[in-house]
Structures are given as structure tokens and as C-alpha cells.
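Read the structure below first, then the notes.
Numbering (the numbering used here), first residue to last: -14 to 439.
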């Protein structure tokens, strides 16, 4: 749930938790102070417990119990109960030690001058004399069974000292009660004043924390909105540039595809031309071979013609030797010789033509072989061009995807910045607006546009 909260909501939550913690702490402090204050529940229970103890136990500094013990001692002596007399003497010694112990305590800790005078002088001296008279006169009289003397001591000096001590106790009690009442009133007033101070500090702290928190939120939102305007403008510029680049890359991709198609077509044409040149070379090689064979046949005809001329010459010679009988044979020999001469001339002419054909064929074959080499070079170049164009097309597609991603990122940034600048949609600004604050950073640009990738 917390990750879904906006920044303003988180700041408000922190502010609210701080104020709530302060209020809870103040309430707890107020309850604790109220519980333990003067006349509070704890105070009343403590006072009540002390009052109960004071009501059921005789105080060590008040000699009412020693006064009772000396009366019991005299009655026991009158009744002849020596064991009871001994117990009373022991109790009196114990009460005296407790009295002295408490006297030392108050002598050390009691600070009020008036109460110190009454406690350590007016109250202590009659009581101390009471114990001295009881030890020196009453106990000795009881031990000697002098009942009359014991009664005189009890009703005389001891009664007077007890009365004097009791008057001092009453005076001290009145003074202590008055001072306690004054102290309680002062404590109540001090607590009330402290409560007012705590309430004022709590209110001041709450107001300060609230004001500072709101100021902090405003201080954080105002630069954020200013930066958002700049970010939105830059994102829109980047988006427009991405659109233009994307369109250019699209055109470049189309051109590269067309070039790739042309390169593949040229490669196909070169392959066809190479095949045709190879066939032509084969035909020319065959033609050259046939011309060579024809030349060999012509040479054979020339040799036959030469032999025929020789035979015709021999026949003419033999016809001349024969005379008239060989005239017909001489005519035939002459015709044969002329025919052989014509055949030789035709063979020579054919040989020349065949030599010319062979020369032209060899020249054409050399040219075609050169063309074949050029076609091979062109074919290899076209293959390399096609491969390079394919790689370029892949790089162009990758560039196009990156540009599309950049445009999409620019669109996201623009939308985020526009939401930040729209108080109705921005969590931070909306949170500040709910608190009654305004950023004061201007108005967002109108006509928010989204990007469409080509």
C-alpha cells in the first residue's frame, strides 16, 4: 500500500504521524501528571495509607504510648505483678530507643526553622525528661515497691512533662497542617501553571510542525513544477526530432531495400551473363576446334592435289612419249592438272579464310574471357554490395527501433510532466492544493500532444 502513495501523501502521513505522536505523548504526560499530582489518585492513596498507619499505630515521637506504659507499670506494681513490671520496663526502653532514633532522623532531615524548633526543642525536651524521670524515679520506686512514691511521680512530674509534651505536639500538628495546606496549594498552582505551559508549547509545536511541513512540501513542489515545464518542453522537442528522424530512417530504409533489390537483381543478371559467356566460350572453343579440324582436312586435300599434279605431270610426260597415241590421255592429264590447280587454289583460299576465322575466333575468345573475368568481378562486387546492403538494412531497422523507443520514452516523460503540472491529476500538487497551498510556478502549456511513431 505504501509504495502506491504519492509523495505529498507520504509527507502528509509523516506530518500527521508526528502531530499524532505529539498529541499522544502530551495526553499521556497530562494523564500521568494528573494521576500523580496533588489530590490526584496516587497522592490520595499515599495520604490515605499514611493516615491509616497514623490512626492505628502510635507515633514514636509522641510519648502517649510511654505514658500508657508507665501507668501500666504503676498498676502492676500495685497488684504485685513483678513480671508485668519487668515487661513494662522493657517496653519503655524499646519506646525510648525508637524515640531517639526518630529524633536523630528529624534532627538530620528537618529543614523548616519553625517546625525544627517545635520538633527538636519544645517537643523533644519534655519527652527526654519524661524518660529520665521514669528511669530514675518511677522504675526505682516500683522496683523497691514504693507504691506511694511511684504514684506521686506518675501524677506529678511525669504528668506535667507529658502535658507539656502534648501541648508541643498539638502546636507542631497545627503548624504542620497549615504548612502542608500551603504547600499543597502552591503545588496545585505550580502544576496548573505547568499544564498551561505544556499546552501552550504543544499548540505552538503543533502549529510550527504543521507550518514547517506545509512549507517544506511547497518548497519541494515549486522547483519540481518549474523543472517539469522544462522537462515537458524538452521531451516534446525530443519527440518531434524523433518523429523527423524516424521518417528519415523510414525513407532510408525504403531506399536501402530498393538498392538491395537492385543489387540482388544485378547479381542475378551477372550470374545469367556469366552463364551466357561461359556458353559462348564453349561454342567458340568448339568453333576453334572445328576450324582446326577443317584446316587439317584442307591440308589433306592440298597434299592430295599436289600428288594429283604430280600424277598429271607424269601422265603428260608419258603421253608426250607416246606421241599421237597419247594425245587423249594428255588432254585428260591436262584437265586433271587444271582441276588439281583449281582445287589447290580453292584449298589455299579456304585455308586463308579458316586461318582468319581461327584468328578472329581466338581474338573473340580472348575478349570473351576478359568479359568473363569482368563479369566475375562484377558478380563478386554485387554479392559484396548485397551483403553490405543487408547489413545496412539490419542496422537501419535497429536504429529505427531505438528511435521508436526514444520517442516512446519522450512520450512517457511528456505525459508524466503533464500530469505533474495538472493539479487535478498530480498527486504532489493535488496534496498541496488540498492543504490550501499553491505552487506559484505558472500554468502548464496548453495543447498537450502525444507522439506517433512513423
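Ideal Cβ placement from N, Cα and C applies to all residues, glycine included.
key: Candidates 277, 114 and 269, of which the one nearest residue 346 by Cα   = 269
Close-in-space but distant-in-sequence residues of the same chain around residue 283 (CB under 6 Å, 5 per side omitted) = 332, 335 and 336
request  = Count the other C-beta atoms from every protein chain shown that fall within 10 angstroms of the C-beta of residue 8, then say buried if there are 16 or more, exposed otherwise.
outcome  = exposed
task = State the CB to CB distance for the pair residue 440 and residue 123, rounded to an integer number of angstroms; the pair is presumed to be in contact (CB under 8 Å).
result = Past the edges of the chain, shown from -14 to 439, lies residue 440, and the structure says nothing about it.
message = Using the three-state DSSP reduction, which class does residue 65 fall into: helix, strand or coil?
response = coil
Residue 111, enclosing alpha helix (DSSP H) - first and last residue = 109 to 118
Under 8 Å between C-beta atoms of residue 392 and residue 228 = yes
task = Please check the pair residue 183 and residue 3, which I expect to be a contact at CB under 8 Å, by giving their CB distance rounded to whole angstroms.
result = With a Cβ gap of about 17 Å, residue 183 and residue 3 do not count as contacting.
key: Residue from 315, 388 and 249 with nearest C-alpha to residue 235   = 388
message = DSSP three-state label for residue 129, please.
response = coil
message = Give me, in chain order, the residues of the same chain whose beta-carbon lies closer than 7 Å to that of residue 103; leave out the 5 immediate sequence neighbours on both sides.
response = 153, 156, 157 and 160
inquiry  = For the ligand SAM, I want to know if residue 148 counts as a neighbour, meaning its beta carbon is within less than 7 Å of at least one of the ligand's heavy atoms.
reply    = Looking at this structure, you won't find the ligand SAM or any other ligand, since it has none at all.
Cut-off 6 Å between Cβ atoms - residues of its own chain near residue 61, not counting five sequence neighbours on either side = 69 and 70
ask   = Does the beta-carbon distance from residue 265 to residue 353 come in below 8 Å?
value = yes
message = Quick check: what's the CA-CA separation for residue 267 versus residue 285?
response = 27 Å
Straight-line Cα distance separating residue 240 from residue 363 = 22 Å
query = Once you ignore the five residues that flank residue 307 on each side, which residues in its own chain have a CB closer than 6 Å to its CB?
reply = none
ask   = Would you say residue 87 and residue 45 are within 8 Å of each other, going by their C-beta atoms?
value = yes
ask   = From this set, 399, 16 and 305, which residue's C-alpha is nearest residue 221's C-alpha?
value = 399
key: Cβ-based burial, residue 360 [other Cβ within 10 Å; buried from 16]   = buried
ask   = Which residues mark the beginning and the end of the alpha helix (DSSP H) in which residue 99 is found?
value = 98 to 102
request  = Work out the CA separation of residue 295 and residue 326 for me, nearest whole Å.
outcome  = 11 Å
ask   = In the structure shown, what three-state DSSP assignment does residue 442 receive?
value = The structure shown has nothing for residue 442, since the chain only spans -14 to 439.
query = Under the three-state reduction of DSSP, which class applies to residue 323: helix, strand or coil?
reply = helix
ask   = Helix, strand or coil: how does DSSP classify residue 95 here?
value = coil
key: Whole-angstrom distance between residue 300 and residue 315, CA atom to CA atom   = 7 Å
request  = Report buried or exposed for residue 178, applying the criterion of at least 16 other Cβ atoms within 10 angstroms of its Cβ.
outcome  = exposed
request  = Leaving out five residues on either side along the sequence, give the residues of the same chain with a beta carbon under 6 Å from the beta carbon of residue 370.
outcome  = 248
ask   = Can you tell which of 395, 302 and 242 has its C-alpha closest to the C-alpha of residue 377?
value = 242
task = Sort 65, 225, 16 and 85 by Cα distance to residue 394 and report the nearest one.
result = 225
inquiry  = Is it buried or exposed, residue -2, if we count other Cβ atoms within 10 angstroms and call 16 or more buried?
reply    = exposed
query = So, residue 198 versus residue 0, is the Cβ gap smaller than 8 Å?
reply = yes
key: For residue 117 and residue 128, the rounded distance between their alpha carbons   = 16 Å
task = Verify whether the separation of the beta carbon atoms of residue 176 and residue 18 is less than 8 Å.
result = yes
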